[in-house]
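Reading through the structure tokens given below for one structure.
There are 2 protein chains.
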Amino acid sequence: MGIVVQKYGGSSVADAESIKRVARRIVETKKAGNQVVVVVSAMGDTTDDLIDLANQVSPLPPARELDMLLTAGERISMAVLAMAIHDLGHEARSFTGSQAGVITDAEHGRAKIIDVTPGRIEEALAAGAIAIVAGFQGVSQTTKDITTLGRGGSDTTAVALAVALKADVCEIYSDVDGFFNADPRIEPRARKVPRISYEETLEMAAQGAKILHLRCVEYARRYDMPIHVRSSFSDKEGTWVTSADKVGTDDSQESTMEAAIITGVAHDRSQAKVTIVGVPDKPGEAAAIFRAVADAQINIDMIVQNVSAAATSLTDISFTLPRGEGQTAMTALSRLQDSVGFAGLLYDDSVGKVSIVGAGMSSSPGISARFFEALSDAGVNIEMISTSEIRVSVVVAETQVEDAVRAAHAAFDLGSDEVEAVVYGGTGR
Amino acid sequence: MGIVVQKYGGSSVADAESIKRVARRIVETKKAGNQVVVVVSAMGDTTDDLIDLANQVSPLPPARELDMLLTAGERISMAVLAMAIHDLGHEARSFTGSQAGVITDAEHGRAKIIDVTPGRIEEALAAGAIAIVAGFQGVSQTTKDITTLGRGGSDTTAVALAVALKADVCEIYSDVDGFFNADPRIEPRARKVPRISYEETLEMAAQGAKILHLRCVEYARRYDMPIHVRSSFSDKEGTWVTSADKVGTDDSQESTMEAAIITGVAHDRSQAKVTIVGVPDKPGEAAAIFRAVADAQINIDMIVQNVSAAATSLTDISFTLPRGEGQTAMTALSRLQDSVGFAGLLYDDSVGKVSIVGAGMSSSPGISARFFEALSDAGVNIEMISTSEIRVSVVVAETQVEDAVRAAHAAFDLGSDEVEAVVYGGTGR
Chain A
3 MGIVVQKYGG SSVADAESIK RVARRIVETK KAGNQVVVVV SAMGDTTDDL IDLANQVSPL
63 PPARELDMLL TAGERISMAV LAMAIHDLGH EARSFTGSQA GVITDAEHGR AKIIDVTPGR
123 IEEALAAGAI AIVAGFQGVS QTTKDITTLG RGGSDTTAVA LAVALKADVC EIYSDVDGFF
183 NADPRIEPRA RKVPRISYEE TLEMAAQGAK ILHLRCVEYA RRYDMPIHVR SSFSDKEGTW
243 VTSADKVGTD DSQESTMEAA IITGVAHDRS QAKVTIVGVP DKPGEAAAIF RAVADAQINI
303 DMIVQNVSAA ATSLTDISFT LPRGEGQTAM TALSRLQDSV GFAGLLYDDS VGKVSIVGAG
363 MSSSPGISAR FFEALSDAGV NIEMISTSEI RVSVVVAETQ VEDAVRAAHA AFDLGSDEVE
423 AVVYGGTGR
Chain B
3 MGIVVQKYGG SSVADAESIK RVARRIVETK KAGNQVVVVV SAMGDTTDDL IDLANQVSPL
63 PPARELDMLL TAGERISMAV LAMAIHDLGH EARSFTGSQA GVITDAEHGR AKIIDVTPGR
123 IEEALAAGAI AIVAGFQGVS QTTKDITTLG RGGSDTTAVA LAVALKADVC EIYSDVDGFF
183 NADPRIEPRA RKVPRISYEE TLEMAAQGAK ILHLRCVEYA RRYDMPIHVR SSFSDKEGTW
243 VTSADKVGTD DSQESTMEAA IITGVAHDRS QAKVTIVGVP DKPGEAAAIF RAVADAQINI
303 DMIVQNVSAA ATSLTDISFT LPRGEGQTAM TALSRLQDSV GFAGLLYDDS VGKVSIVGAG
363 MSSSPGISAR FFEALSDAGV NIEMISTSEI RVSVVVAETQ VEDAVRAAHA AFDLGSDEVE
423 AVVYGGTGR
């Protein structure tokens, strides 16, 4: 009898009716002959409501207490889900992160999992019960305080438990059918991808596709735990995220996807572009600039330095960063203007990033050229370019993001004849 | 430096503003030179809301999961209270019942405290922090599952922690100024009692006065922990509940209260009266009747058996019980009618119980007589009588309860000249 770990996000357990629906699905999995462990997020808007409450008493609540507060959210959803399963005639026992053996460091609000010791979960499974575990939380190894794992924490809890329990699969449920090779709201012919490698998933996620959090995919890749991303609203197969050697090994008709050069098109409208104009082209200048940015705790993404004009020995350096950090970065850089001696700073938050990702491209020459030609034919102007082994990204004007996504999708034959009626969305925390 | 344990009920922490007010009071106690441990209930209606949610998925939720769910309530209030204290510039750390070392048996929903091992609380105090503890909850010694303590659980948590920490006092805060010698809504001249013994408090509570839960008073009496019942809305002294030898030992003008023969008048409108008519007056009949009632899990209160009429050798037996259990009791007794051979059953839920309580009465003859005369003068008809060492209770028609309370209050000179503008109410769970 295999072990299946299932994770349900906040939108899947938003109210009593949703919880009952999820309970029926869990019971079906159990009746199909599996031992079932369920990781659950807080119901719907609970987390936001709790944060609002905290802010009513304190503008900057202490992190330890904020973690204590927020973990009440999963405590509610997991207990109610256990009740709903019980009401269907099956035994279910809920466990906090601490009880489930999710041991973390002491970094409140963004704790890292150090160890998973799921003895109580194994006992519950051995007794024939379904185990329900609070996602997103653990207990500090050193202080014994309750911690939360931060963004992607529930997905990561599910994968970590699946690894510790040697589960067959970690199923991540949300309100979408799986991973699509482009945003169906932009490109109606976007297709569901049946299988994708950990590496491609990481690139897609890093390039703005709301598929799975990087952190959970990294954990799964490290321990080679297959993830099945699927919808809690249907029984359809979703997308399997596995090691690259397993992608395309199934016999389904869709396995022809394996031959596709690129897996999907990702886009990201959350970034802004900073350009430092007229930087003296001599050693140490770029280092001084990026040291200042790093000291201001700014997460930069793409960096492009143009070849300097020979006549002036001046160059322009551009980088992208999250829009929310633009003001901080501009302030930090302004302070450097005299010492570094650059001519000026430009800030543009009307940009978007469009990327093509696929393991196939490293062995297929001309992919970048085909991408850029497609953009050019669609009248899209490229502002910055960055590439990796399995990805090509461009920065374009925000108004041209949708045109760029559709052009790339068409250029690489990613379309299906059938229009998928789904929402391209993300998993919860 | 002394340790003060304070308990705040749900109405004292109903919203963000109330929590901030409570935080200020806690900080004042700390600044006055005390080490402070605070036990807190769930905010306002949180517990009821959580029970509603549970009932939406399951008509009879499993007790283990209901406990897991309900404990989310205190988790929220304690974390937010710690944040509010933090915002005032003082360190506060919140602890679940389990973290605070509240060890219980495994009876979910009505667990009993077996042990209190407050090592983490002592560490927090030693570090100069204020410790905030979730009331109403603990962890099972055997199953390690989260438990709730049931009615009066938060008050009991506070007293148990005060005992384990060797605190100077356990302060129980609610929205009333203390304990009054009659319900001020019925008798406007009711006076606040400055001191009362554990035993009198137990009698008053058992007779329907909503002062403190029996369980918490019993715990305090066993370990001689003084309780100070007071309002979170004022700085006034409330009512001290102490051992009998300490009642009346203070020097305040109010200590003359010690000389009062009776401490207060309690009343209870929650009961009904069952009368079994025409019971054969021979050995074993009463035993059969009360065995049937006990087997039906009915909590009976007063029992009165009249002398049998010599001519018939038949007697009537009456008892009182909570109204909610009336139907069950009548059904259980009906089944006995043939075997016991009584003539009939009467049920009356339009009754009320009025009691006078006071340690002084055992050494003062004529108390009962004065009480009954006062009732008679007020036109109140007595239906049943029951007495203990420090209490006399009567059952009267429900419509005459208020007249009876006022008559008793006047007969024993309990009135003050000043009318107290307070609500006679209860503490939370």
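As given, the protein sequences belong to chains A and B, one line each in that order.
In this text, residue positions in the first sequence follow my numbering: the first is 3, and each later residue adds one.
In this text, residue positions in the second sequence follow my numbering: the first is 3, and each later residue adds one.
Cβ atoms here follow ideal geometry from the backbone N, Cα and C, with glycine treated the same way.
Inter-residue spacing [alpha-carbon to alpha-carbon] between residue i and residue j
| i | j | result |
| --- | --- | --- |
| I264/A | L377/A | 16 Å |
| V178/B | P120/B | 30 Å |
| S254/B | A192/B | Note that S254/B scores a pLDDT of 43, beneath 50, so its modelled location is shaky; the value from the coordinates is reported in the next line. Their backbone Cα atoms lie some 19 Å apart in a straight line. |
| V231/B | G35/B | 21 Å |
| N308/A | L347/A | 15 Å |
| T258/A | I105/A | Bear in mind that a pLDDT of 40 at T258/A, under 50, signals an unreliable position, so the model cannot answer this. |
| A25/B | P61/A | 15 Å |
| K275/B | T333/B | 15 Å |
| S390/A | E239/A | 30 Å |
| E67/B | F292/A | 52 Å |
| Y349/B | A331/B | 10 Å |
| G326/B | A211/B | 19 Å |
| A129/B | G103/B | 18 Å |
| F373/B | A413/B | 7 Å |
| V342/A | P285/A | 11 Å |
| Q58/B | D89/A | 11 Å |
| I87/B | V29/B | 7 Å |
Cutoff 6 Å; reference residue i; Cβ partners in own chain excluding five residues on either side
| i | result |
| --- | --- |
| G99/B | A136, Q139 and G140 |
| G280/B | L316, F344 and A345 |
| S357/B | Q209, A268, R393 and S395 |
| M80/A | V42, S96, I134 and A136 |
| I1/A | For residue 1/A there is no data in the structure shown, the boundaries of chain A being 3 and 431. |
| S366/B | I263 |
| S13/B | D177 |
| E404/A | I188 |
| A160/B | V7, K9, V41 and C172 |
| L338/A | A294 |
| Q402/B | V382 |
For residue i, the residue or residues it bridges with in DSSP
| i | result |
| --- | --- |
| S320/B | T277/B and V306/B |
| E173/A | Q8/A and H230/A |
| F182/A | K194/A |
| Y349/B | V276/B |
| M386/A | V397/A |
Close-in-space but distant-in-sequence residues of the same chain around residue i (CB under 7 Å, 5 per side omitted)
| i | result |
| --- | --- |
| E400/B | R271, S352, V353 and G354 |
| T203/B | I213, L214, V219 and V243 |
| V249/B | R197, I198, S199 and E260 |
| A246/B | S199, E201 and A361 |
| G111/A | A65, L68, D69, T150 and G152 |
| M363/A | I263, I264, I369 and I392 |
Contact with chain B by residue i, beta-carbon distance below 8 Å
| i | result |
| --- | --- |
| V59/A | yes |
| R26/A | no |
| A74/A | yes |
| F414/A | no |
| A44/A | no |
| P63/A | yes |
| A84/A | yes |
Other residues of its chain near residue i: CB distance less than 8 Å, five sequence neighbours each side excluded
| i | result |
| --- | --- |
| K32/A | V38, H92 and I132 |
| D51/A | none |
| G417/B | E189, R191, A192, R193 and H411 |
8 Å Cβ cutoff, residue i in contact with chain A
| i | result |
| --- | --- |
| S102/B | In the sequence on display, residue 102/B carries Ala and not Ser. So no, A102/B is outside the interface. |
| S96/B | yes |
| R187/B | no |
| A56/B | yes |
| I78/B | yes |
| V40/B | no |
Residue i: contacting residues in chain E (beta-carbon distance under 7 Å)
| i | result |
| --- | --- |
| D89/B | No chain E appears in this structure, whose protein chains are A and B. |
- Query: For the stretch 9 to 22 of chain B, which residues have a CB atom closer than 7 Å to at least one CB atom of chain A, in sequence order?
  - Reply: If the cut-off is 7 Å between Cβ atoms, the stretch 9 to 22 of chain B has A18, I21 and K22 near chain A.
- Task: May I ask you to list, following chain order, the residues of the stretch 336 to 369 of chain A that have a beta carbon less than 9 Å from some beta carbon of chain B?
- Result: none
- Query: If contact means a Cβ-Cβ distance below 8 Å, which residues of the stretch 113 to 125 of chain A contact chain B?
  - Reply: R122
- What residues from the stretch 292 to 312 of chain A come within 7 Å of chain B, judged by C-beta to C-beta, listed N to C? none
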